[in-house]
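Going down the list, the protein sequences come from chains A and B. Residues 2 to 671 in my numbering are what the first sequence lists, from first letter to last. Residues -12 to 294 in my numbering are what the second sequence lists, from first letter to last.
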Amino acid sequence: MKTLLLKELRENVKVAALGLVIYTLLLLGQYSRPGQSPRDLGRLLTDGDFLTSTTWFCGLFGAVLGWLQIHNERRPDLWAFLCHRPITRTAIFLAKATAGLCLYVLAAGLPLLGYIVWARLPGHVAAPFEWLMVRPAATWFLAGSVCYFAGMLTGLRQARWYASRGLGLGVAVIVFVALIETTAFWQGLAILFLAAAILITAVWSGFGSDGYYEGQPVWGKAALTGILLAGSVVVATAAGRFLTNLVPRRDTSYTKSFYAMSQTGAVFRATVKVVGPAEKMRFMAEPLLGAGISLVTNRTEFYTQCAKGTKFDVDHDDRPHPSAWMLADCSLFSAWHNTADEVWYYWDRYGRLVGYDRTTRRCVGSLGPKGFARNVEGSGDRFNLRTGGTHHLILSTATTAFLVDIEQRTTTPIFTTSEDDPILAVHEVEFNNRDWEYTAVVTRKSIHVLTREGKQVWETPYEPGYPDYVAIDVYFLEPPGQYGLMIALSVQEKERAKGKLPVHVSWLAGDQGIVRSVDLPDLPAVRFDSGESKLVMGAVMPPPLLAMMRLSTRDSAPEEFPQTMLLISGAVALLVCLPIGWRLGRRYRFSLAAQVGWAMFHLICGVPGLLAFLSVQEWPAREACPNCKKLRVVDHAQCEHCGAGFAPPEKTGTEVFAPLGAKAEPQAAG
Amino acid sequence: MNEQAVIRTQGLTRYFGARPAVYELNLEVPRGGVFALLGRNGSGKTTTIRMLLGLLAPTRGGGTILGYDIRALPPEARARIGYLTEEHQLYGWMSVRETGDFQSRFYPAWNEKIFRGIIGHFGLRPTALVKSLSRGERAGLCLALTLAPEPELLILDDPAIGLDPVARRSLIESMVFLTRRSDRTIFFSSHQLPDVERVADYIAVLDHSVLRACCPLETFRNSIRQVRLRFPGTPPPLPKIPGLLQAVRSEGELRVTCVHYTGATEAALRGLGPTEMEPALITLEDAFISYLGDRGEKSFILSETEA
């Protein structure tokens, strides 16, 4: 095997070298992009462009390398020369895979490692470093190895390019999408290892049968079928989307309603109805409460009538949101403020602002509630980042909101509360041109509006309160000194309450507090119409996949996968895929066990299952049986209809056969 | 059944799409000697060889090679079989020496002397890159790679394809010289009838995927007979003649090639009333072309045009 390994390494080292150069140049390009701001530079390992180029490079290079390793020897005679070694096909596979993975590591892993080490060493990047930031890029690097085996399988399979040859690459597409969607790192790793294990099994098994389905062991056939199923899901989804784009559809239609307050304090109920393409949007704002307003059907006019204000959710960080781990790894710190010489970040791990010198790119110290410290940790004092807005000058702990001055490296308390009434949110209220004029502070029991300097403008109880009512709208009305307040349910509570809990609206005068309040019926969440695309997508998706997606989005977006889709999917599987599959199985003389197995497969996997079935089988020729005249498959010794064997070749009377051990007959008499 | 057969197939069949490339092949290759597999392009020779070596799965049927099932040929069987591929494909980026080293590591019985001897015979420089070799040189290198492991059975897929007569002769002589010394078996496919005539003990002929002949070479040669019949005018139409392979009609002459020439054949021909009837000399090549050419009566195109 060592000989083959060395041969593979030598044969493909040029491809690896080319990959190494390309990826190195891509990485260098990331660092030396002209006009790159320090803020971007700080995100060296989590930068979108870097991750995108790593993803594409690793995926494409892995697939090309795997494919080339097979393709270079796929000329029939060279493949025969290789395979006619007195070694097992497993040894050939292992030598190829080991060499290929080594070369992949050389081309993609080496530059990536160098990049990470360079970013890790102090003095290179003016930003915090955490090893967690390496995970997204490292995961894409690992995903490239899945693409490598997918490429290998594509090279190995005995199928036509315009048919199912490339279906193996569909697994890579699914893995990439799944990695983005997974909520925990272990899930991403599990998907990677599972996909790699299935692909390795299929490739290994394919080596034994020269890429044919027939001749593989059962586990190899199962792995190959699974891979083609995944590829078929991708193809069916793409085809479904393409088809739905060909016909006029209603699936982009939705209706959204919300309350808004006019400058005079009157309340509108605005409804946006989008039918089909976005330009067919219909808007209507009906006056509900208050005088001086009328029905408005023009959005621009409506917004000119609306009061200035701010909206924010107080539970933005408090409740556990299922978010992608990859996104979390890319958000371990956030850019805070830049000065002429320094770049400051809010570092979640320490709950502090951390500054870096632009020139030396080294840490200058950190700023916490107790002030500046030369190190990153300070004395352990930390903020809770809750501020919304664009100015980022306010930070808070559980009980105090601070105005932060980066230039002076000081923190000044502007709002304090007690421990039993902790701060839930702090929001910078910005008006025209993002002028920061007020600060809204929400504690568990009350809502406060302060001036920039921290002087209280008004305060009102937070009722109905946390945690059900979390969406807060504060309006600044005309004439000045008048305010409006709307407190609405969280999205989850809205779903649960089904419109039974109202939206609370209050009007305040700065010095008198609440002057009037009213409850308005809760408005439904965005309603999507179930259009033709849902029907088409339902027809082409496997029922269990749809059921799974429906379950996972049941709370957040039930309209995404309505029950109709599931019913259509099941009906297509039962009425179309199952009969076609059964008929083909009978025609090609499958055993009863195989018939039943495939029937279950079609029932579960629907249209993609049928596509995978059609792709994976090699469909032997059929010819007329000379005995019963019916068509029969040629790969069985007996006719499936009458049991007759194949007739020997027809005699022409010119055959010359003689026992091979015998001496030659004398020349016939002339 | 020949217990000494090194290759044996039963109903070996392979389809490509709806077309059978090899159909119901029942073949036995005896141990020792040189066995030639003949046939026109696309008759199924290479497919047969690939199936025998387990490089292509049969659609149905099966067989054994050196006693091993061809569907699951183990490494120890491959070690005993030398295989020279049709197009002499090798890794172009390797040098002659590297190719030898590469091959030798798989075969414990590798005979470096044979390898050096053959590459010396073909005048190959050990440092020359394979991609820089001529077809003849590459064929020589392939032969060296195939013979140096001293295989018990040598399977050569059209070894002389594309070679000039000198290189061809050199290749065939090397092959025969090195294998005749011991009780080895050579199974080769070829289009080169003179080569076959020179070295083969047995032949098998595939015609449109079907085995039509399998016998000692002499038996085949003796089975085919050509007779020239002269007529005063235009030869009369031919009656049904058993074993007729080909009848070529020209002005006042009919040349008839038959297989299994018997008294009945002769009587049928005499019934045509020729003024003269004499046997014609026929080479193996002529016999082979008659055997594999279109059956039935033909006229020279020129005569037909003039008519």
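C-beta atoms are modelled at their ideal positions from N, C-alpha and C, and glycine is treated no differently. Predicted model only: the values in this text are computed from it and were never measured.
(message) Distance check for B:E73 and B:D144, CA to CA, integer angstroms please.
(response) 5 Å
(request) Give the residues of chain A in contact with B:V197, contact being defined as C-beta atoms less than 7 Å apart. (result) P650
(request) Compare the C-alpha of A:D342 against each of A:W348, A:L333 and A:R363 and name the closest. (result) A:R363
(message) Using C-beta distances below 6 Å, list every residue in its chain close to A:P112, excluding the 5 sequence neighbours before and after it, in chain order.
(response) Y24, T25 and L28
(request) Would you verify that the beta carbon of A:S592 is, or is not, closer than 8 Å to some beta carbon of chain B? (result) no
(request) Would you list the residues sitting across from A:E429 in a DSSP beta bridge? (result) For A:E429, which the question treats as bridged, DSSP gives the partners A:T440.
(request) Tell me where the beta strand (DSSP E) around A:Q596 begins and ends. (result) Looking at the DSSP string, A:Q596 is not in any beta strand (DSSP E); the run it does join, the alpha helix (DSSP H), is L593 to V617.
(message) Once the 5 residues before and after A:P123 are set aside, which same chain residues still bring their CB inside 7 Å of it?
(response) These residues qualify, in order along the chain: R363.
(message) Please report the distance separating the alpha-carbon of B:V(-1) from that of B:G260.
(response) In the sequence on display, residue -1 of chain B carries Leu and not Val. Their backbone Cα atoms lie some 46 Å apart in a straight line.
(request) Could you check if A:R517 is buried or exposed, using at least 16 other CB atoms within 10 Å of its CB as the buried criterion? (result) exposed
(request) Assuming A:R350 contacts A:L333 (C-beta within less than 8 Å), just tell me the rounded distance between them. (result) 7 Å
(message) Is the beta carbon of A:G607 closer than 8 Å to that of A:P543?
(response) yes
(request) Grab me the residues of B:S30's own chain with a C-beta within less than 7 Å of its C-beta, minus the 5 sequence neighbours each way, in chain order. (result) L193, D194, H195 and S196
(message) Measuring alpha carbon to alpha carbon, tell me which residue in B:M38, B:L71, B:G49 and B:L12 is nearest B:I173.
(response) B:L71
(request) Quick one: list the residues of chain B neighbouring A:K8, beta-carbon separation under 7 Å, in chain order. (result) F89
(request) Taking C-beta pairs closer than 7 Å, name the residues in chain B that A:E215 reaches, listed in chain order. (result) Those within 7 Å of A:E215 in chain B are A44.
(request) Out of B:T244, B:R67 and B:L268, point me to the one whose CA is closest to B:W303's CA. (result) This structure leaves residue 303 of chain B out entirely; chain B is present only between -12 and 294.
(request) Assign A:D636 to one of two classes, buried (16 or more other C-beta atoms within 10 Å of its C-beta) or exposed (fewer than that). (result) buried
(request) Would you mind telling me which residues of chain B sit closer than 7 Å to A:L79, beta carbon to beta carbon, in chain order? (result) What A:L79 touches in chain B: Q76.
(message) Restricting to runs no shorter than 3 residues, where is the beta strand (DSSP E) found entirely within the stretch 245 to 283 of chain B?
(response) 263 to 267
(request) Can you tell me which of the three DSSP states B:L158 falls into? (result) In this structure, DSSP gives B:L158 a helical state, which the three-state scheme calls helix.
(message) Please report whether the beta-carbon of A:D636 lies at a distance below 8 Å from any beta-carbon of chain B.
(response) yes
(request) Would you check if the stretch 629 to 647 of chain A and the stretch 34 to 47 of chain B touch, i.e. whether three or more CB-CB distances between them fall below 8 Å? (result) yes
(request) Determine which residues of the stretch 81 to 115 of chain A have a Cβ less than 7 Å from any Cβ of chain B, and write them out in chain order. (result) A81, F82, C84, H85, R86, P87, I88 and T89
(request) Could I get the ranges of all uninterrupted beta strand (DSSP E) runs contained in the stretch 374 to 415 of chain A, with 3 residues as the minimum, in chain order? (result) 395 to 397 and 401 to 406
(request) Use the C-beta contact count for A:I181: other C-beta atoms within 10 angstroms, 16 or more gives buried, fewer gives exposed. (result) exposed
(message) Can you pull the chain B neighbours of A:A622, defined as C-beta to C-beta under 7 Å?
(response) From the beta-carbon of A:A622, the residues of chain B found nearer than 7 Å are Y2, G4 and A5.
(message) So A:V16 contacts chain B; which residues on that side make the cut at Cβ distance below 7 Å?
(response) Going along chain B, no residue has its Cβ under 7 Å from A:V16, so there is no contact; the nearest lies around 13 Å.
(message) Within 10 Å of its beta-carbon, does A:N13 have 16 or more other beta-carbons around it, so buried, or fewer, so exposed?
(response) buried
(request) Can you grab the Cα-Cα spacing for the pair B:L225 / B:F218, in whole Å? (result) Rounded to the nearest angstrom, the two C-alpha atoms are 13 Å apart.
(message) Quick check: the Cα distance between A:Y214 and A:Y589, rounded to an integer number of angstroms?
(response) 15 Å
(request) Kindly identify the DSSP beta-bridge partner or partners of B:R217. (result) B:E240 and B:E263
(request) Give the residues from the stretch 144 to 166 of chain B that approach chain A closer than 7 Å (Cβ to any Cβ), ordered along the chain. (result) none
(message) Given this structure, state the Cα-to-Cα distance separating A:Q618 from B:P62, to the nearest angstrom.
(response) 29 Å
(request) Output, in chain order, the set of chain B residues within a Cβ distance shorter than 7 Å of A:E656. (result) The answer, in chain order, is R199 and A200.
(message) Rounded to the nearest angstrom, what separates A:S367 and A:L168 at their Cα positions?
(response) In a straight line, the C-alpha of A:S367 is about 53 Å away from that of A:L168.
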